[in-house]
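**Q** Questions regarding the structure given below will be posed in turn.
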Amino acid sequence: MAPHDMLKFLDEETGYFLRNNYNGHFTGSAWIISPDKSYILMTHHKKLGKWIQLGGHADGESDLLKVALREATEESGINNLKF
Numbered sequence: 009m010a011p012h013d014m015l016k017f018l019d020e021e022t023g024y025f026l027r028n029n030y031n032g033h034f035t036g037s038a039w040i041i042s043p044d045k046s047y048i049l050m051t052h053h054k055k056l057g058k059w060i061q062l063g064g065h066a067d068g069e070s071d072l073l074k075v076a077l078r079e080a081t082e083e084s085g086i087n088n089l090k091f
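Going letter by letter, the sequence shown gives residues 9 to 91 in my numbering.
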């Protein structure tokens, strides 16, 4: 979705931080990169059958940075992640 489409979606929809909004919803995701930038951590998404960055549903949380950190921590098991 292009940025202008996202802004239009925000204007026209409600519940855009809830996964049960089937018209669409925002999620948070994060790239975990090693300090020397030589490795990244990804997860295999079962439904998509692809390797992707860590992340997930906002579940009502409007702070998507908080969502990204929460999901990356949950999925990686790393407790001291930083932006």
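Beta carbons: idealized from backbone N, C-alpha and C, even for Gly.
A quick note: this is a predicted structure, and the numbers were derived from the prediction, not measured.
Skipping 5 residues on each side, what residues in its chain have a beta carbon closer than 6 angstroms to that of HIS65?
**A** Around HIS65: ARG27, THR35.
**Q** Would you identify the three-state DSSP class for LEU72, choosing helix, strand or coil?
**A** The answer is helix: DSSP assigns LEU72 an H, G or I state.
**Q** In whole angstroms, give me the CA-to-CA distance for SER70 and LEU18.
**A** Rounded to whole angstroms, SER70 to LEU18 spans 12 angstroms at the Cα level.
**Q** Note the first and the last residue of the continuous beta strand (DSSP E) segment covering HIS2.
**A** An answer regarding residue 2 cannot be provided, because it is not within the stretch 9 to 91 covered by the chain.
**Q** Just verifying my parser: in three-state terms, what is the DSSP assignment at THR81?
**A** Correct three-state label for THR81: helix.
**Q** Taking C-beta to C-beta, are GLY63 and SER37 nearer than 8 angstroms?
**A** Closer than 8 angstroms, so yes.
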